[in-house]
Amino acid sequence: MQPLHSPAPLIVYLDFKSPYAYLAVEPTRKMLAQSGAVADWRPFVLDIPSYLGSAKLGKSGEVKEQNRSTEQWSGVKYAYFDCRRYANLRGLTVRGTVKIWDTDLPAIGMFWLKQQESLVQQCRPDSLLSRYIDAIYEPFWKRELDVEQVDVIEGVLKGIGADVNGFRDYALGPGREFNAEFQSAAFTAGVYGVPTYIVTDADGSSIQRYFGREHLPRVAWQLAGARGQAPDVAYEGAAGAQRLESATKRFVVCVDFKSPAAYLAVQPTMDMADDIGAQLDWQVIATPALREPTEPGPNPDRGAEHKFTRGRYLADDLQRYAPHALVDLYDTRRSDFAAIGLLWVTDQHADANAYVRAVFARYWRHHEGIDSVTDIAEVLAGLDIEVAGFMAFAAGQGKARAVAMREGLAAQGVTTSPTYLLGAEPFQGRQHLPLLRSLIDVD
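Residue numbers for the sequence shown, in the working numbering: 738 to 1180.
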């Protein structure tokens, strides 16, 4: 078994301790059923402490042990909040875990079953592998299953009707060795998170790697022959959402003009807002620049390798969805002048959408500066917005207001660009646009 190759056109990597992977199972199955494609489902065991630190809770839920930074804690808390939001749409339970679980045994259970069924059989709704995935995921995320006990995994296998003769010896011997070797090989091949989708051409000459279920629209498009325009990232489940009681057709969009992810979100966001008649309240934040991946050097630890692999993937993924080649992905310079310009445009009751579009285009498409008062004055002049008053505004109260806007959003925990705020509820990334649409479309 090679990490990036399979007789099937699609490889799907999952880890049972990942809530994002749990949420990806049904949408992936639905996509496969609609496309008529077959997938090779495989386990990938995350080594979370190597890149995200670790923590352990006490009996009353308090943090008993931990070695995470503030940034890491923020990422973990948002991840669980986001997963529960989408789990609730489907009636799934995602409870917080008290520790980072070792999921090698359930992974070995997957490999055990993959020896008993063909790839075609594995993709059937009633296959042993499909039943096993459900029999592990649902009780595990309800905190009802200890996946670190071999007798528990053996019991799950028995419960779905699988042959368990020899499983215990396999799990503690050759299965354990194979799993360890395969996990190492998959990580070395560039699989660093879950869910990961590997799409290959029939002759294996082209391999596309996607991390996250938001890529399922593009995976389906590629499996169908990549005809027509490629779809953008999008999460599923919006059709089942209930409109928020407090929702209005106005929501906040927080962006950093030097964020490539925000640049890719601008047009889809404006298109969605125009389509349903919503108003966008643009706010400017300053986020850390994308980190340029650097070779980890000889004998790196797993954390360094993870950071390098993830960094390369993120850059490649941005380019994949961009309408043109992106340069200056790693620009670390930040200024408040573009934010001051936005405040001025708002005060003048001018078209904030046009201003936002112009600033992003100036920097990302035309490769011109946005870090001086002169740069922003040129943008305003191009939009026929008064410049003389802006210069005085920028030299006076504008800077203090821009700083206050940025600091106020940071105090709310807005650290990712783009972040959408619907009331106080944050949505990080343009993949949430389908859900946002259903939450605010009151007609």
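Cβ coordinates follow ideal geometry from the N, Cα and C atoms, glycine included.
Remember, predicted model here, so these are calculated numbers, not experimental data.
Distance CB(residue i)-CB(residue j) smaller than 8 Å
i: A1087; j: I1113; result: no
i: L865; j: L842; result: no
i: G927; j: T1046; result: yes
i: V749; j: Y907; result: no
i: V990; j: W1019; result: yes
i: V1151; j: I944; result: no
i: Q959; j: V936; result: yes
i: G898; j: A872; result: no
i: G912; j: I845; result: yes
i: L760; j: Y817; result: no
i: L1158; j: I1177; result: no
i: R946; j: K879; result: no
Top-ranked residue by Cα proximity to residue i, from the options
i: P780; options: A967, G892, S921; result: S921
i: Q966; options: V956, V887, Q886; result: V956
i: A998; options: T1083, L1066, R950, E854; result: L1066
i: Y972; options: A770, M738, G1166; result: G1166
i: R861; options: A963, D839, T765; result: T765
i: D752; options: T1156, F948, R964, G1135; result: F948
i: H1103; options: S743, Y1000, L1176; result: Y1000
i: E875; options: T830, D969, I890, L1120; result: T830
i: Y1050; options: D1068, E1029, H1061; result: E1029
i: H1061; options: Y1100, D784, I890; result: Y1100
i: M738; options: D1068, E808, Q852, D938; result: Q852
i: K986; options: Q1004, P954, L1017, V762; result: L1017
i: L769; options: G1126, C820, V857; result: V857
Through-space distance from residue j to residue i, alpha-carbon basis
i: G795; j: K836; result: Note on G795: pLDDT 49, under 50, position unreliable in the model; no value is reported.
i: V931; j: A923; result: 12 Å
i: Y757; j: V813; result: 12 Å
i: V782; j: S867; result: 18 Å
i: W810; j: E854; result: 41 Å
i: D1108; j: Y929; result: 36 Å
i: S806; j: P786; result: 12 Å
i: D883; j: E1144; result: 43 Å
i: A1131; j: F877; result: 55 Å
i: T834; j: T1083; result: 45 Å
i: S983; j: G828; result: Confidence at S983 is low in this model, with a pLDDT of 49, below 50, so the placement of that residue is unreliable and no value is reported for it.
i: L1173; j: P740; result: 36 Å
i: M1128; j: Q1085; result: 14 Å
i: T1156; j: L1170; result: 11 Å
i: R964; j: G790; result: 42 Å
i: A774; j: W838; result: 32 Å
i: I1077; j: K995; result: 15 Å
i: Q1168; j: V970; result: 5 Å
i: A1147; j: E1162; result: 14 Å
i: H1043; j: T1031; result: 11 Å
i: E918; j: T925; result: 11 Å
i: L747; j: N916; result: 20 Å
Closer than 7 Å: residue i CB and nearest the ligand ATP heavy atom
i: P744; result: What this structure holds is no ligand at all, so the ligand ATP is not there to describe.
Between the segment 1098 to 1118 and the segment 1041 to 1058, do at least 3 Cβ pairs fall closer than 8 Å? In short, these stretches do not touch, since the Cβ pair count stays below three.
Q. Touching or not, the segment 1034 to 1043 and the segment 1137 to 1153, by the rule of three or more beta carbon pairs under 8 Å?
A. With the cut-off at 8 Å, the segment 1034 to 1043 and the segment 1137 to 1153 do not touch.
At what residue ranges does the segment 944 to 1017 contain a whole run of the beta strand (DSSP E), taking only runs of 3 or more? The beta strand (DSSP E) runs of length 3 or more contained entirely in the segment 944 to 1017 are, from start to end of the chain, 944 to 948, 987 to 992.
I want to know whether the segment 1009 to 1016 touches the segment 1095 to 1105 - three or more CB-CB distances under 8 Å.
Verdict: no, contact absent.
For this session: Could you name each continuous alpha helix (DSSP H) segment of 4 residues or more that falls completely within the segment 1063 to 1101, going from the start of the chain to the end?
Result: The segment 1063 to 1101 is shown to contain whole alpha helix (DSSP H) runs of 4 or more residues at 1074 to 1084, 1089 to 1097, in chain order.
Exercise for the section: Pair every Cβ in the segment 900 to 917 with every Cβ in the segment 752 to 766, then say whether three or more of these pairs are closer than 8 Å. Expected result: Contact annotation: the segment 900 to 917 does not touch the segment 752 to 766, with fewer than three C-beta pairs closer than 8 Å.
> Can you give, in chain order, each stretch of the beta strand (DSSP E) that sits fully within the segment 747 to 773 and has at least 3 residues?
Replying inline: Within the segment 747 to 773, the complete beta strand (DSSP E) runs of at least 3 residues are 747 to 751.
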